[in-house]
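Notes follow once the structure below has been shown.
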Amino acid sequence: MCAQTFNSSRGVGLHDGRLTPCPSSPNCVCSQDADAAHAIAPLAFRGTAADAMRVLKQVLAGQPRVRVISETPNYLHAEFRTPLCRFVDDVEFLVMESEHVIHVRSASRVGYSDLGTNRRRVEALRREFAAVNR
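Going letter by letter, the sequence shown gives residues 218 to 351 in my numbering.
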């Protein structure tokens, strides 16, 4: 049986122009996190920030159980739901046009370990994004 204890996002949003670092639990990855256990490479893009955001939204639109919660010209927060229990993971993207990268943070709202789900998700999104943003 599945039970969800947190209904709202935690640690989501920008702080001093950066994504929030991951908590100590191993159910989060972030390209702006200094901790090697949580670190993951940002997504590289070609073109402008607007081009990158357009491609990113196109990739997200093709994902199952995803809902965009908020967005600005350089930031996007989406909720991904797991297939069985419908647990929510928060995934954030921060476009840095000067660096031609999209920083990313993917974190589970509940539980301690995600068994690598957030890391696999970001790597899959990276592959799909790169295939469209050539």
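Using N, Cα and C, we set each Cβ at its ideal position, and we do this for glycine too.
Excluding five sequence positions before and after residue 331, the CB atoms of its chain that fall closer than 6 Å to its own CB belong to 244 and 325, given in chain order. Listed in chain order, the beta strand (DSSP E) elements of length 3 or more contained wholly in the region 254–293 are 283–288. Annotation for residue 339: no beta strand (DSSP E) segment contains it, though the alpha helix (DSSP H) segment containing it runs 334–349.
Between the alpha carbons of residue 285 and residue 228 lies a gap of roughly 17 Å. An exposed status is given to residue 258, since fewer than 16 other beta-carbon atoms sit within 10 Å of its beta-carbon.
Under the three-state reduction of DSSP output, residue 326 falls in the coil class, being neither helix nor strand.
For residue 273, same chain residues with a beta-carbon under 7 Å away, outside a window of 5 residues either side, are 293, 310, 319 and 346 in chain order.
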